[in-house]
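Data first, discussion second: the structure below is written as structure tokens.
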Amino acid sequence: MTDQPNAPAGAQTVWDLPLRLFHWIAVSAVAVSLVTGYLLGDHWLFLHVAAGGVLGGLLAFRLAWGVIGSRYSRFATFPLRPSGVRRQIGHLMRGRSDLHTGHNPVGAWMIVALLAGLGLLVATGLVVWGGQEHQGPLSAVIGYKLGHGVKEVHEVLAALLLTAVGIHVAGVVVETVVFRHPVVKAMVHGRKPVPGSGETARTVGLTHTVVGLGLMALAVGAWLYWFYLPRPAVAPVRTSQAYTRDCGDCHWAFHPSLRTAGTWRTMMAGLADHYGEDASLAPDRRDQVTAYLVAHAAETADTEASHEIGRRETASGRITDTRYWQRRHRQLSDQDFARPDVGSKMACNACHRDADTGRFDDDMIQPPKGVPA
52 MTDQPNAPAG AQTVWDLPLR LFHWIAVSAV AVSLVTGYLL GDHWLFLHVA AGGVLGGLLA
112 FRLAWGVIGS RYSRFATFPL RPSGVRRQIG HLMRGRSDLH TGHNPVGAWM IVALLAGLGL
172 LVATGLVVWG GQEHQGPLSA VIGYKLGHGV KEVHEVLAAL LLTAVGIHVA GVVVETVVFR
232 HPVVKAMVHG RKPVPGSGET ARTVGLTHTV VGLGLMALAV GAWLYWFYLP RPAVAPVRTS
292 QAYTRDCGDC HWAFHPSLRT AGTWRTMMAG LADHYGEDAS LAPDRRDQVT AYLVAHAAET
352 ADTEASHEIG RRETASGRIT DTRYWQRRHR QLSDQDFARP DVGSKMACNA CHRDADTGRF
412 DDDMIQPPKG VPA
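In structure tokens form, the structure reads like this:
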């Protein structure tokens with residue numbers, strides 16, 4: 052499982068198969084996370100979160116493998132002494148790079164930094180997912196404000212990780228192209244030439260490999276199971292037949308959490324001139340609808356929509372006049388909203404499959420075909 056025909060002659064197994072799989076799966080997961088985080092829209096959040104879940108499991112495996120793995124997978128063999136780092140930097144400045152059986156000193160510190168950075172990203176991602184999106188294992192204990200605040204930390208960490216990845220790749224290119232060390236190939240077939248210092252690499256047996264692969268599968272599976280634990284049920288707002296009947300006849304009946312209690316009271320008191328139309332109701336029906344809206348207004352909910360739209364007062368009282376709504380819908384034109392399968396800017400349920408619940412989760416956005424997401 053480790054002896055490959057493309058391995059350099061006279062080389063010995065240094066990187067075991069579980070470590071190599073960890074490396075390449077982690078590279079793929081990081082790539083997916085960066086692409087979905089920086090280049091794709093919020094409706095790709097499910098893929099971003101899935102990549103983060105895989106990374107969480109891989110990191111759990113790597114911590115364990117750093118203790119019980121093969122010789123050069125163990126953290127105890129990392130050459131982290133400052134003297135070694137200074138020596139290597141001095142050699143590099145003189146155009147020289149010694150071949151190391153395992154990690155070189157600078158590379159070892161980079162691995163530590165990458166693992167720490169990924170760990171912090173996964174941890175902050177869990178907080179953001181739990182607080183801002185109310186999903187995942189932390190959703191029951193973290194509120195929106197904390198999740199939203201940690202999102203900025205998560206984004207800063209992502210930028211730092213991207214920088215570290217760039218430095219790491221540059222270092223690999225220098226080692227491979229300039230000094231012709233088989234760094235990349237060794238991470239494919241696991242074998243490297245051993246420097247003539249009397250040091251020898253220990254053979255990685257089949258049992259060790261099988262144990263490592265099993266541990267990785269267990270770690271990733273357990274992490275993903277925990278990551279995707281059913282979110283606690285958000286207490287549903289009992290639908291008011293009066294509200295649906297009296298307001299839903301003209302437009303989609305907005306979820307009560309999309310406006311504050313004060314705004315609802317003002318709006319219901321001015322139905323005689325409701326955005327240029329007379330929407331007056333009999334006093335008892337008006338009071339019934341008003342009581343329902345006030346009882347379930349933005350102040351009573353802890354969703355992203357209730358915080359970023361519901362609690363943002365506008366002079367007009369319109370949801371579509373909030374800066375958050377406009378920013379999130381900036382890619383849509385008036386023609387998109389005028390389509391028969393959308394209807395208008397008030398038809399939230401045309402694209403948001405969970406609009407009636409008031410959650411407006413990013414992964415529940417499904418616009419009609421042809422409408423930008």
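Quick note, the working numbering runs 51 ahead of the 1-based positions in the sequence shown.
Built from N, CA and C at the ideal position, the CB exists for glycine as well.
- Could you check if K243 is buried or exposed, using at least 16 other CB atoms within 10 Å of its CB as the buried criterion? With 16 or more other Cβ atoms within 10 Å, it is buried.
- Task: Could you tell me if M144 is buried or exposed, where buried requires 16 or more neighbouring beta carbons within 10 angstroms of its beta carbon?
- Result: M144 is exposed by the Cβ-count criterion.
- Looking only at its own chain, which residues have a Cβ that is under 7 Å from the Cβ of A342, when we skip the five neighbours before and after it? Within the same chain, A342 has no close Cβ partners at all.
- In chain order, what residues of the same chain lie with their CB nearer than 7 Å to the CB of I360, ignoring the 5 residues before and after it? Within its own chain, the residues whose Cβ lies closer than 7 Å to the Cβ of I360, once the five positions on either side in sequence are excluded, are L309, I370, T373, Y375 and W376, listed in chain order.
- Item | Straight-line Cα distance separating V157 from I140 | Each residue's alpha carbon lies about 8 Å from the other.
- Query: In three-state terms, what does DSSP make of T64?
  - Reply: Assigned with DSSP and collapsed to three states, T64 falls in strand.
- Message: Would you call the stretch 97-105 in contact with the stretch 113-131, where contact means no fewer than 3 C-beta pairs closer than 8 Å?
- Response: No: the two stretches stay apart, fewer than three of their Cβ pairs being nearer than 8 Å.
- Within its chain, find whatever has a CB closer than 7 Å to the CB of S331; leave out the 5 residues flanking it on each side and keep chain order. So the qualifying residues of the chain are L322 and A323.
- Along the alpha helix (DSSP H) that carries I218, what are the first and last residues, could you check? Run containing I218: Y195 to V224, per the alpha helix (DSSP H) assignment.
- Along the alpha helix (DSSP H) that carries L264, what are the first and last residues, could you check? Unbroken alpha helix (DSSP H) run through L264: L257 to F278.
- Item | DSSP three-state assignment for H240, whether helix, strand or coil | Here H240 sits in helix by DSSP.
- Task: Could you check the C-alpha separation between A389 and D412 for me, to the nearest Å?
- Result: Going from the Cα of A389 to the Cα of D412 covers about 24 Å.
- Item | DSSP state of H403 mapped onto helix, strand, coil | If DSSP states are grouped into helix, strand and coil, H403 belongs with the strands.
- C-alpha distance - L212 paired with E203, whole-angstrom precision: Across the structure, L212 and E203 are spaced so that their CA atoms are roughly 14 Å apart.
- Buried or exposed (CB count within 10 angstroms, at least 16 for buried), I193: Buried, because 16 or more other Cβ atoms sit within 10 Å of the Cβ of I193.
- Task: Hey, could you find the ends of the alpha helix (DSSP H) V229 is sitting in?
- Result: No alpha helix (DSSP H) contains V229, which DSSP labels as neither H nor E.
- Could you tell me which residues DSSP pairs with I416 in its beta bridges? Its beta-bridge partners are H403.
- Item | Inter-residue spacing [alpha-carbon to alpha-carbon] between H199 and H259 | Whole-angstrom Cα-Cα distance: 43 Å.
- E184 and E355 closer than 9 Å at C-beta: Cβ atoms of E184 and E355: closer than 9 Å.
- Query: Between H142 and R231, what straight-line distance do the alpha-carbon atoms span, to the nearest angstrom?
  - Reply: Between H142 and R231, the C-alpha separation is close to 15 Å.
- Query: For E350, which of helix, strand or coil comes out of DSSP?
  - Reply: Looking at E350 - three-state DSSP - the assignment turns out to be helix.
- Item | First and last residue of the uninterrupted alpha helix (DSSP H) at G104 | Boundaries of the alpha helix (DSSP H) harbouring G104: L96 to I119, taken from the DSSP string.
- Assign G217 to one of two classes, buried (16 or more other C-beta atoms within 10 Å of its C-beta) or exposed (fewer than that). It counts as exposed.
- What separation, rounded to the nearest whole angstrom, lies between the Cα atoms of D405 and M415? Taking the straight line from one Cα to the other gives about 6 Å.
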